[in-house]
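Chemist:
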Amino acid sequence: MPITNHQLPKLKVVFLGEGNNVANSWILGAGILGLNLTICAPQGYEPDKKIYQEGKKIAQKTGAKITVSDNPQEAVKNADILYTDVWVSMSDEKKVDLEERRKIFQPYQLNTQLLNKAKPNCKVMHCLPAHRGEEITDEVMDGPNSIVFDQAENRLHLQKALLVQLLE
Numbered sequence: 103m104p105i106t107n108h109q110l111p112k113l114k115v116v117f118l119g120e121g122n123n124v125a126n127s128w129i130l131g132a133g134i135l136g137l138n139l140t141i142c143a144p145q146g147y148e149p150d151k152k153i154y155q156e157g158k159k160i161a162q163k164t165g166a167k168i169t170v171s172d173n174p175q176e177a178v179k180n181a182d183i184l185y186t187d188v189w190v191s192m193s194d195e196k197k198v199d200l201e202e203r204r205k206i207f208q209p210y211q212l213n214t215q216l217l218n219k220a221k222p223n224c225k226v227m228h229c230l231p232a233h234r235g236e237e238i239t240d241e242v243m244d245g246p247n248s249i250v251f252d253q254a255e256n257r258l259h260l261q262k263a264l265l266v267q268l269l270e
């Protein structure tokens with residue numbers, strides 16, 4: 103079932119992982135679109151406070167609800183969309199202890215157990231590239247709820263349209 107514009111304000115979106123650039127973009131986008139968004143990240147890995155406050159300010163005008171949680175088991179309940187990203191931003195891979203990061207983020211892995219707590223028709227998204235077995239399991243990424251590759255295809259067409267617009 104595709105997601106349509108009239109459904110957006112009713113959607114519950116949960117972002118699982120580091121409060122990175124993708125999470126920050128979700129905050130601003132959710133505020134503008136009127137989505138219900140939860141950023142679920144371990145303590146110490148929350149999204150940028152200034153962006154969070156800006157998103158909350160925008161949300162007051164649109165009716166969006168933006169929250170931050172560190173409890174993935176609770177955050178994913180009744181979610182319509184579960185979105186995840188890599189646990190370490192590509193520019194930071196040499197700067198962090200990867201084993202330590204994996205231990206901290208393991209409870210935030212998008213796996214069947216978490217997916218089963220969401221709505222039955224919940225969609226799964228990831229901006230790619232994914233580290234299979236870390237932030238998302240093979241079963242979820244390749245499963246019937248996943249729209250990861252549709253998302254990637256749509257991004258390609260959007261990028262092409264932007265290039266055309268810029269060249270005109």
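Numbering-wise (the working numbering), the sequence shown opens with residue 103 and increments by one.
A virtual CB, placed ideally from N, CA and C, is assigned to each residue, including glycine.
1. Which residues in the same chain as Ile249 place their Cβ atom closer than 8 Å to its Cβ, once the five residues preceding and following it in sequence are excluded?
2. If I measure Cβ to Cβ from Lys158 and keep anything under 8 Å in the same chain, skipping five residues before and after, which residues do I get?
3. Checking 8 Å against the spacing of the C-beta atoms, do Cys142 and Pro111 come in under that value?
4. Measuring only the C-alpha atoms, how far is Ala263 from Asn256?
5. Go to Ser171, then tell me how far its alpha helix (DSSP H) extends in each direction, as first and last residue.
6. Just checking, does the region 185 to 198 make contact with the region 231 to 251 on the three C-beta pairs under 8 Å criterion?
7. Going by alpha carbons, who is nearest to Asn218 out of Val242, Ile206, Arg203?
8. According to the neighbour-count rule (16 or more other Cβ atoms, all chains shown, within 10 Å of its Cβ), is Gln211 buried or exposed?
Modeler: So, from the listed chains and residues:
1. Lys225, Val226, Met227
2. Correct list, in chain order: Gly133, Ile168.
3. no
4. 11 Å
5. Careful: Ser171 lies outside any alpha helix (DSSP H), inside the beta strand (DSSP E) at 167 to 171.
6. yes
7. Val242
8. buried
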